[in-house]
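Visitor:
Residue numbers (the numbering used here): 16 to 307.
1) So, for residue 92: in the same chain, excluding its five sequence neighbours on each side, which residues have a beta-carbon less than 6 Å away from its beta-carbon?
2) In chain order, what residues of the same chain have a beta carbon less than 7 Å from the beta carbon of residue 66, not counting five sequence neighbours either side?
3) Just the C-alpha distance for residue 127 and residue 134, rounded to the nearest angstrom, thanks.
4) Does the contact criterion of 3 or more C-beta pairs under 8 Å hold for the segment 219-227 versus the segment 282-301?
5) Whole angstroms are fine: how far does the CA of residue 277 sit from the CA of residue 182?
6) Report the residue from 297, 79 and 165 whose alpha carbon sits nearest the alpha carbon of residue 25.
7) Scan the segment 66-146 and note each continuous beta strand (DSSP E) run of 3 residues or more that stays entirely inside, going in chain order.
8) Mind the definition here: the segment 231-249 touches the segment 158-170 only if three or more C-beta pairs lie below 8 Å; say whether that holds.
9) Whole angstroms are fine: how far does the CA of residue 54 sit from the CA of residue 21?
10) Closer than 8 Å by C-beta to residue 274: which residues in its own chain qualify, once you throw out the five before and the five after it? Chain order, please.
11) Check residue 267 in the structure and name its three-state DSSP category.
12) Quick check on the DSSP output: the alpha helix (DSSP H) that includes residue 2 runs from which residue to which?
13) When you compare only the Cα positions, how much space is there between residue 271 and residue 239?
14) Out of 84, 287 and 76, which one is the CA nearest neighbour of residue 155?
15) Can you check the segment 213-277 for any alpha helix (DSSP H) of at least 4 residues that lies completely inside it and give the ranges in chain order?
16) Taking DSSP as the reference, what is the three-state secondary structure of residue 286?
17) When you compare only the Cα positions, how much space is there between residue 64 and residue 90?
18) Use the C-beta contact count for residue 82: other C-beta atoms within 10 angstroms, 16 or more gives buried, fewer gives exposed.
19) In this structure, does DSSP put residue 186 in helix, strand or coil?
20) Under 8 Å by Cβ, that's how I've got residue 284 and residue 192 pegged, so tell me the actual separation to the nearest angstrom.
21) DSSP three-state label for residue 151, please.
22) With C-beta atoms as the reference, is residue 282 less than 8 Å away from residue 212?
23) Whole-angstrom Cβ separation of residue 141 and residue 122, contact assumed at under 8 Å?
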C-alpha cells in the first residue's frame, strides 16, 4: 500500500467525483481510477461506488478514510518534528477556533504573533466545540481553542482566558434598575440563547438547571449582535460573556452583573502524548504572555 494511494482515495472520497478529484490532483482520470482500484484490490473490498455522476464511499471506504487520515496525520507529525530539528523558527500551525472566541480575541493576537514570527504560517479553521476537540484528538489539527470545561482526559489543557457572563436586558425592563441579578430571578423570563452547537448554550442551560428551573427559550441564534438587537427590541433577555458585552453599543441595552457567577473560560487544548511542534509551543507561550 502506497501513501499516494491513500491521498488519491481521500480526494475522491472528499469530492465524490472522480473527474473533479483528478483535476485537483493534476492526474488523468484513468490513472486515478487505476490507483483507487489497486487499493481496493489490495484490501479486497470495494471502497467507491462509481456511477456516471458521482463516486460514493462505501461503509468499508469510510473506515479506510478514518485510518488514512490518522496515518497521514502521523506522517505530517514526523515531518514537523524533523523540520523543527533543523529550523526552530519556521513551521505551520493548524489551529481550530470556536467562532465566538475567534472574533473576540484572536485577530489582535494573530497579528502580533505574525509580526513577531513572520516565518510561522498559521492555518485557522472554525469549529463548534464538540467537533473541535475531536479534530484535535484525531490529529487533524495540532491545537484548538476550547471553551471550558473540557472533560476528555486525552487532552492537555492550558487556560488562557477567564471572565464572567453578564445579563443583557432592555433598558425599560423592570429589572433594569438593579446592578445585579440572581439567576433564579429570571425563571419567568423568555431567553435568547445561542444555538446548540455553541458551548455557551450548554453552559447557560446547565446553570439554569442548577438553580432549579428550565429556561424558557424564545429564540436561538449564532450571532451575538443579532441576539443583542432582539433584546433591545424587548423580546427577551440573554446572557453573554463580558467581552461580548463590552462590544455592544446600543442605548436600549442594560448590562447587569449575574449571580451566582457564571464563568466563561477558554483554554488551548492539545492531544496528550502527541508531539507539539516548536511553532505551536511558541504560539501557546505567546498567548500566555498576552495575559500578563
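Beta carbons are placed, not taken as given, at the ideal position from N, Cα and C, and that holds for glycine.
Guide: Let me spell this out:
1) One-based indexing of the chain shown puts residue 92 at position 77. Closer than 6 Å at Cβ, skipping near neighbours: 290.
2) Here residue 66 corresponds to residue number 51 of the chain shown, with the count starting at 1. Answer for residue 66: no residue qualifies.
3) Residue 127 sits at position 112 when you count from the first residue of the chain shown. Residue 134 sits at position 119 when you count from the first residue of the chain shown. Using only the alpha carbons, I get a separation of about 13 Å.
4) Contact fails: fewer than three Cβ-Cβ distances are below 8 Å.
5) Indexing the chain shown from 1 puts residue 182 at position 167. Indexing the chain shown from 1 puts residue 277 at position 262. One C-alpha to the other measures close to 10 Å.
6) Start at 1 with the first residue of the chain shown, and residue 25 comes out as number 10. Taking each of 297, 79 and 165 in turn and checking the Cα distance to residue 25, the smallest one comes out for 79.
7) Correct list: 70-72, 106-112 and 135-141.
8) Contact fails: fewer than three Cβ-Cβ distances are below 8 Å.
9) Within the chain shown, numbered from 1, the residue matching residue 21 stands at position 6. Within the chain shown, numbered from 1, the residue matching residue 54 stands at position 39. The alpha-carbon atoms of residue 21 and residue 54 are separated by roughly 8 Å.
10) Position 259 of the chain shown, counted from the start, is the residue given in the question as residue 274. Excluding residues within five positions, the ones whose Cβ falls inside 8 Å are 195, 196, 197 and 198.
11) Mapped onto the chain shown, residue 267 falls at position 252. Note: residue 267 maps to coil in three-state DSSP.
12) This structure cannot speak to residue 2, because the chain is shown only from 16 to 307.
13) Residue 271 sits at position 256 when you count from the first residue of the chain shown. Residue 239 sits at position 224 when you count from the first residue of the chain shown. Distance between the alpha carbons of residue 271 and residue 239: 17 Å.
14) Start at 1 with the first residue of the chain shown, and residue 155 comes out as number 140. Comparing Cα-Cα distances from residue 155 to each of 84, 287 and 76, the minimum goes to 84.
15) 214-225, 239-247 and 257-260
16) Here residue 286 refers to the residue found at position 271 of the chain shown. If DSSP states are grouped into helix, strand and coil, residue 286 belongs with the strands.
17) Taking the chain shown and counting its residues from 1, the one referred to as residue 64 is at position 49. Taking the chain shown and counting its residues from 1, the one referred to as residue 90 is at position 75. Residue 64 and residue 90 have their C-alpha atoms spaced approximately 28 Å apart.
18) Taking the first residue of the chain shown as position 1, residue 82 is located at position 67. With fewer than 16 Cβ atoms within 10 Å of its Cβ, residue 82 is classed as exposed.
19) Stepping through the chain shown from its first residue, residue 186 is reached at position 171. In the structure shown, residue 186 sits in coil (DSSP, three-state: anything other than H, G, I, E or B).
20) On the chain shown, position 269 is the one that residue 284 refers to. On the chain shown, position 177 is the one that residue 192 refers to. About 41 Å separates the Cβ atoms of residue 284 and residue 192, ruling out a contact at the 8 Å cut-off.
21) Here the question's residue 151 lines up with position 136 in the chain shown. The answer is helix: DSSP assigns residue 151 an H, G or I state.
22) By one-based count along the chain shown, residue 282 stands at place 267. By one-based count along the chain shown, residue 212 stands at place 197. Not a contact, by the Cβ cut-off of 8 Å.
23) Within the chain shown, residue 141 is the residue found at index 126, counting from 1. Within the chain shown, residue 122 is the residue found at index 107, counting from 1. At roughly 13 Å, the Cβ-Cβ gap does not stay under 8 Å, so residue 141 and residue 122 are not in contact.
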